[in-house]
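Chemist: Handing you this structure, nothing more for now.
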DNA sequence: AATATACGATACAAACCTGTATCGTGTCAA
DNA sequence: TTGACACGATACAGGTTTGTATCGTATATT
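Protein chains in written order, with the numbering used here: chain E, 1305 to 1498; chain A, 1305 to 1498.
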């Protein structure tokens, strides 16, 4: 067995993963090749293939990690809001902030579904599962908040969210999503009486 | 000079264009190669390159055509609505119908911007110009409809639209956009007093 | 100190990509 | 009828892709 390395500040597996995460997100999955990834992260190509049997596996790993990061952020964002209604709103305020950032290149899941539209592609399935989970969470919060029709409100907010992600990818930091939170607010107000 | 052919039911240039339009839309721009395009449309590869100097030119031609088709449909959809408010609503009702169709694979412009995120890519610029035009049209109609803040309403509706397109590409015909029109209705109602 | 293994570098295989070159055929116009 | 040209088919060039094979080195454990 090998020890979890402590000498090296960052393991090759982590280096290539971080490089892949950044480059996939900014430039797209198909546009970034494994040679570029290896060179850019300063590791050998064989080291990459030792840790990730194929490029698709690396893409899948990135998406799984993105899913975890999403929910970690999500929980952090909504945890201080006292009511379900305010939890929903807090998410959209935070999302509006994020998509107005230069670090935002849209949504990794929407991006992979666009580049690999076939439903049986592993990355597409991970993306779909993620989006369904978000949709379900929106339904849950909408129901708890006392929405007249939780499924309807959840889907309406869902459209807003993905529209904001795409606005960021298309326009950059200054995009139509600067009115995301007010839109979410309006939809919530219509469906939930204070 | 050569005559505009009347014998042949459909010219090679049109055949390859139609094939390209369908395949780019469904499978993505990067996923479809010129060899596939030539073979699938039953024309020689040199014939393709005679009419379109490069694949990027073919992509650009498809996007320009998509833009024209969009506005042709748009005008047709809103022309019978008596008021600006109802024109906006009519568009979103029609869009909800379309994105619930098996023929919908999202939005050609969002797709190209995702696959070619670099802002200087010709296709990306065409996509951006298209989206800005739609945004401007939304603003115009919102203003005419007497919205309190036309720019805000326009952007809110814009997010809804692109969210619906992405929902269709990701989920297929049964997607969260089944509540697109009601969402647009709610946002309009909040911003415009009847 | 010796052995096992993780690593970087490099070369390579096979498939794919865009774009070009060539050639034979059919069609249309003069 | 004849010459120009659009066309389909095919081969090709040069580059890029994913994934494998090889080899020398450094590290880490025994």
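Ideal Cβ positions, reconstructed from N, Cα and C, are used throughout, including at glycine.
So if I threshold CB-CB distances at 9 Å, which residues from the stretch 1403-1437 of chain A count as touching chain E?
Modeler: So the list reads 1409, 1410, 1411, 1413, 1414, 1415, 1417, 1418, 1419, 1420, 1421, 1422, 1423, 1428, 1431, 1432, 1435, 1436, given in the order they occur along the chain.
Chemist: Quick one: residues in its chain with C-beta nearer than 8 Å to the C-beta of residue 1463 of chain E, no 5 flanking neighbours on either side, listed in chain order?
Modeler: Around residue 1463 of chain E: no qualifying Cβ.
Chemist: For residue 1407 of chain A and residue 1497 of chain E, what's the separation of their Cα atoms in angstroms?
Modeler: Going from the Cα of residue 1407 of chain A to the Cα of residue 1497 of chain E covers about 38 Å.
Chemist: Helix, strand or coil: which one does DSSP assign to residue 1490 of chain E?
Modeler: Correct three-state label for residue 1490 of chain E: helix.
Chemist: Could you give the C-beta distance for residue 1427 of chain E and residue 1472 of chain E, rounded to a whole number, given that I count them as a contact under 8 Å?
Modeler: Going by Cβ atoms, the distance from residue 1427 of chain E to residue 1472 of chain E rounds to 20 Å, so no, they are not a contact pair.
Chemist: Rank E:1381, E:1321, E:1367 by C-alpha distance to the C-alpha of residue 1347 of chain E and give the top, closest one.
Modeler: For the residues E:1381, E:1321, E:1367, the minimum Cα distance to residue 1347 of chain E belongs to E:1321.
Chemist: From A:1481, A:1435, A:1387, pick the residue whose C-alpha is nearest to that of residue 1412 of chain A; which is it?
Modeler: Comparing Cα positions, the closest option is A:1435.
Chemist: Can you give me the Cβ contacts of residue 1419 of chain E inside the same chain, cut-off strictly under 8 Å, excluding the 5 residues immediately before and after it?
Modeler: Excluding sequence neighbours, residue 1419 of chain E sits near 1332, 1333, 1334.
Chemist: Please confirm if the stretch 1360-1370 of chain A is in contact with the stretch 1449-1465 of chain A, defined as three or more CB-CB distances below 8 Å between the two stretches.
Modeler: Flag = no, the stretch 1360-1370 of chain A and the stretch 1449-1465 of chain A do not touch.
Chemist: Counting only C-beta atoms, is residue 1335 of chain A closer than 9 Å to chain E at any point?
Modeler: Judged by the 9 Å Cβ criterion, residue 1335 of chain A is in contact with chain E.
Chemist: Is it buried or exposed, residue 1459 of chain E, if we count other Cβ atoms within 10 angstroms and call 16 or more buried?
Modeler: So residue 1459 of chain E counts as buried.
Chemist: Which residues bound the alpha helix (DSSP H) around residue 1366 of chain E?
Modeler: Residue 1366 of chain E -> alpha helix (DSSP H) spans 1359-1382.
Chemist: Would you call the stretch 1469-1489 of chain A and the stretch 1389-1402 of chain A in contact, with 3 or more CB pairs under 8 Å?
Modeler: Touching, yes, given that three or more Cβ pairs across the two stretches are closer than 8 Å.
Chemist: Can you check the stretch 1425-1456 of chain A for any alpha helix (DSSP H) of at least 4 residues that lies completely inside it and give the ranges in chain order?
Modeler: Listed in chain order, they are 1426-1448.
Chemist: Use the C-beta contact count for residue 1350 of chain E: other C-beta atoms within 10 angstroms, 16 or more gives buried, fewer gives exposed.
Modeler: When all chains shown are included, residue 1350 of chain E counts as exposed.
Chemist: Mind listing which residues of the stretch 1379-1400 of chain A have their C-beta closer than 7 Å to chain E's C-betas, in chain order?
Modeler: Going along the stretch 1379-1400 of chain A in chain order, one finds no residue with a Cβ nearer than 7 Å to chain E.
Chemist: Since residue 1471 of chain E meets chain A, which of its residues come closer than 8 Å, beta carbon to beta carbon?
Modeler: Chain A residues near residue 1471 of chain E: 1462, 1463, 1466.
Chemist: Excluding five sequence neighbours on each side, which residues of the same chain lie with their C-beta closer than 6 Å to the C-beta of residue 1344 of chain A?
Modeler: Within the same chain, residue 1344 of chain A has close Cβ partners 1323.
Chemist: Here's the rule I'm using: 16 or more other beta-carbon atoms within 10 Å means buried, otherwise exposed. How should residue 1477 of chain A be labelled?
Modeler: Exposed, since its Cβ has fewer than 16 Cβ neighbours within 10 Å.
Chemist: Would you say residue 1367 of chain A lies against chain E (beta-carbon separation less than 9 Å)?
Modeler: No, residue 1367 of chain A does not count as interfacial toward chain E.
Chemist: With a threshold of 6 Å on Cβ separation, who are the neighbours of residue 1495 of chain A within its own chain once the five nearest residues in sequence on each side are excluded?
Modeler: Closer than 6 Å at Cβ, skipping near neighbours: 1451, 1452, 1457.
Chemist: What three-state label does DSSP hand residue 1467 of chain A in the structure shown?
Modeler: In this structure, residue 1467 of chain A counts as helix in the three-state DSSP scheme.
Chemist: Can you give me the C-alpha to C-alpha distance between residue 1338 of chain A and residue 1353 of chain A, rounded to a whole angstrom?
Modeler: Distance between the alpha carbons of residue 1338 of chain A and residue 1353 of chain A: 9 Å.
Chemist: Answer yes or no: do residue 1469 of chain A and residue 1474 of chain E have a C-beta to C-beta separation smaller than 9 Å?
Modeler: Taking 9 Å as the Cβ cut-off, residue 1469 of chain A and residue 1474 of chain E do not qualify as a contacting pair.
Chemist: Is the beta carbon of residue 1437 of chain A sitting closer than 9 Å to the one on residue 1429 of chain A?
Modeler: The answer is no: Cβ separation not under 9 Å.
Chemist: Exposed or buried, which one is residue 1443 of chain A when buried takes at least 16 other CB atoms within 10 Å?
Modeler: Burial call: buried.
Chemist: Please identify the residue among E:1358, E:1388, E:1417, E:1467 whose C-alpha is closest to the C-alpha of residue 1400 of chain E.
Modeler: Comparing Cα-Cα distances from residue 1400 of chain E to each of E:1358, E:1388, E:1417, E:1467, the minimum goes to E:1467.
Chemist: Would residue 1343 of chain E count as contacting chain A if we go by Cβ distances under 9 Å?
Modeler: No, because no Cβ of chain A sits closer than 9 Å to the Cβ of residue 1343 of chain E.
Chemist: In its own chain, which residues sit with a C-beta less than 6 Å from the C-beta of residue 1325 of chain E, not counting the 5 before and 5 after it?
Modeler: Excluding sequence neighbours, residue 1325 of chain E sits near 1366.
Chemist: Compute the Euclidean distance between the alpha carbons of residue 1404 of chain A and residue 1465 of chain E, then round it to the nearest angstrom.
Modeler: Going by the C-alpha atoms only, they are around 19 Å apart.
Chemist: Given this structure, state the Cα-to-Cα distance separating residue 1377 of chain E from residue 1387 of chain A, to the nearest angstrom.
Modeler: So the alpha carbons of these two residues sit roughly 43 Å apart.
Chemist: If residue 1449 of chain A and residue 1431 of chain A are in contact, beta carbons under 8 Å, what's the gap, nearest whole angstrom?
Modeler: With 8 Å as the limit, residue 1449 of chain A and residue 1431 of chain A do not qualify as a contact, their Cβ atoms being about 27 Å apart.
Chemist: Pick helix, strand or coil for residue 1334 of chain A, following the three-state DSSP scheme.
Modeler: Coil.
Chemist: Could you give the C-beta distance for residue 1492 of chain A and residue 1389 of chain A, rounded to a whole number, given that I count them as a contact under 8 Å?
Modeler: Yes, residue 1492 of chain A and residue 1389 of chain A are in contact; Cβ-Cβ is about 6 Å, under 8 Å.
Chemist: Apply the 10 Å Cβ neighbour rule to residue 1342 of chain E and answer buried if 16 or more other Cβ atoms are within range, or exposed otherwise.
Modeler: So residue 1342 of chain E counts as buried.
Chemist: Less than 8 Å between the CB atoms is what I'm expecting for residue 1439 of chain E and residue 1421 of chain A, so what's the real figure, rounded?
Modeler: At roughly 26 Å, the Cβ-Cβ gap does not stay under 8 Å, so residue 1439 of chain E and residue 1421 of chain A are not in contact.
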